[in-house]
Amino acid sequence: MSKLTLSVDDEVVQRAKEWAVRQGTSVSQLVEDFLREAAATGEESDGVPPPVLRRLRGCLKGVDVAAHRRHIEAKYR
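For the sequence shown, our numbering gives the first residue as 842, with consecutive numbering after it.
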């Protein structure tokens with residue numbers, strides 16, 4: 842099994858941990874399930890994106906990607 846390092850807001854991590862406990866699972870399992878669903882090929886769904894990606898569509902509209910990138914680069918120097 843591979844390890845993956847993610848940058849996630851502290852509040853999001855805390856809420857994810859609480860939700861995972863209520864669901865009887867781990868945050869690692871939640872992320873793995875999400876990535877598995879997100880990586881589903883179009884062949885499996887006739888080209889329709891998986892539900893998790895349909896829910897996320899448009900959620901970053903208006904976000905300043907360059908500013909976020911600068912923030913992440915500064916944070917992890």
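For every residue, glycine included, the Cβ atom is placed at its ideal position computed from N, Cα and C.
Cβ distance (whole Å) where residue i is taken to contact residue j below 8 Å
i: V891; j: A879; result: The residue asked about is misnamed: residue 891 is Pro in this sequence, not Val. About 6 Å separates the two Cβ atoms, so the contact holds.
i: V893; j: F875; result: 6 Å
i: A861; j: L871; result: 6 Å
Residue i (DSSP reduced to helix, strand or coil)
i: D851; result: helix
i: K858; result: helix
i: K844; result: coil
i: D905; result: coil
i: P890; result: coil
i: S867; result: coil
i: A880; result: coil
Cβ-based neighbour list, residue i, same chain, cut-off 8 Å, excluding 5 preceding and 5 following
i: I913; result: S848
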